[in-house]
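2 protein chains.
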Amino acid sequence: MGVTKTDIFTNQQNKLAMQLKAIAHPARIAILQQIIKANACICGDLVDELGLAQATISQHLKELKNAGLIQGSIEGVSICYCIEPVAWKNLQNEINNMFASYKDVNTCC
Amino acid sequence: MGVTKTDIFTNQQNKLAMQLKAIAHPARIAILQQIIKANACICGDLVDELGLAQATISQHLKELKNAGLIQGSIEGVSICYCIEPVAWKNLQNEINNMFASYKDVNTCC
DNA sequence: AACATCTATCGTAATATTACGATGGATTAA
DNA sequence: TTAATCCATCGTAATATTACGATAGATGTT
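Just so you know, the protein sequences line up as chains A and B, in that order. When you line the first sequence up against my numbering, it's residues 2 to 110, in that order. When you line the second sequence up against my numbering, it's residues 2 to 110, in that order.
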């Protein structure tokens, strides 16, 4: 027990859950917002912007990267992160579809 | 340690993270999809539809309810769940804003 | 009242997440 | 080369999540 039963769900459901989970943390939301806002991808600035330790920020960046939502490239001594456009738009579509499938006929409850 | 530092983030960031976390599980995605599909809110049918124990489904429903995304009403001996329209649309907007704020200028990384 | 049905909750075990200090590897500057 | 800077990773403690059996409460049926 204690582990999610991914085998009884579809690949689509598992992937969507995995990517949503990557976003579902205030620090990672703040990181994404900062990356989007600054466009010219930030790196260690995130440590100053948010009030978290460097190791913690690095860990959050790793999760966003593992989910495929951001990408990083070496920029001199520091590392530059930015949105991974394809995954970002795919996720946007998946979420849109999910929300759009709900028709507010409200004939229940 | 081990607890999310909500105090250093905005209410908006915390709320969005909280609601996204509620959705960020394949079982809860499947539950939401089923509720939307059936419209006429299901209840114990979810236990049959998904391959999870009744206690587990009930726990997932509770989390969706705590996040304000669904509502339940007593329907005879069983309980009928459906989408909470207001929260659902608010969340849809919040997510849309987040994704829409990204302009694919790709001048980095 | 007695019974059946449905669901919420309790208790619990296994695992995952969160945060941070400390350390090490890579790159640039002196 | 030496020192400085930046970041990833390791190790770890505290807490949260996930899943399920067992049980209890509520409603409907006989």
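Backbone N, C-alpha and C define an ideal beta-carbon position, used for all residues, glycine too.
CB contact flag (residue i, residue j, <9 Å)
i: B/Leu92; j: B/Leu17; result: yes
i: B/Trp89; j: A/Tyr103; result: yes
i: A/Met19; j: A/Ala68; result: yes
i: B/Pro144; j: A/Asp105; result: Because chain B is modelled from 2 through 110, residue 144 of chain B falls outside the range shown and cannot be assessed.
i: A/Lys63; j: A/Gln72; result: no
i: A/Cys44; j: A/Glu76; result: yes
i: A/Gln35; j: A/Leu21; result: no
i: A/Asn97; j: B/Asn40; result: no
i: B/Ile80; j: B/Ile37; result: no
Per DSSP, cross-strand counterpart(s) of residue i
i: A/Tyr103; result: For A/Tyr103, which the question treats as bridged, DSSP gives no partner whatsoever.
i: B/Ser74; result: B/Cys81
Any non-hydrogen atom of the ligand GTP closer than 8 Å to residue i Cβ
i: A/Ile75; result: You won't find the ligand GTP in this model; it holds no ligand whatsoever.
Nearest residue (CA-CA) to residue i, options the options
i: B/Ala31; options: A/Ile9, A/Gln60, A/Glu64 and A/Ile37; result: A/Ile9
i: B/Thr7; options: A/Ala25, A/Ile80, A/Leu65 and A/Ser79; result: A/Ala25
i: A/Val4; options: B/Thr57, B/Gly77, B/Thr11 and B/Asn40; result: B/Thr57
i: A/Thr11; options: B/Lys38, B/Gln13, B/Leu51 and B/Leu70; result: B/Leu51
i: A/Met2; options: B/Leu53, B/Ile36 and B/Lys38; result: B/Leu53
i: B/Ala23; options: B/Ile80, B/Gln13, B/Ser79 and B/Leu70; result: B/Leu70
i: B/Gln14; options: A/Arg29, A/Ile84, A/Gln55 and A/Asn15; result: A/Arg29
i: B/Cys42; options: B/Ser74, B/Val78 and B/Ala101; result: B/Ser74
query = Could you give the uninterrupted runs of the beta strand (DSSP E) lying entirely in the region 13-78 of chain A, keeping only those of 3 residues or more?
reply = 71-76
query = Going along the chain, which residues of the region 36-57 of chain A sit with their C-beta nearer than 8 Å to a C-beta in chain B?
reply = Ile37, Lys38, Asn40, Ala41, Cys42, Leu51, Gly52 and Leu53
message = Beta carbons nearer than 7 Å to chain A: which residues of the region 13-25 of chain B have them?
response = Gln14, Asn15, Leu17, Ala18, Leu21, Lys22, Ile24 and Ala25
inquiry  = Counting only Cβ-Cβ distances shorter than 8 Å, please list the residues of the region 63-74 of chain A near chain B, keeping chain order.
reply    = Gln72, Gly73 and Ser74
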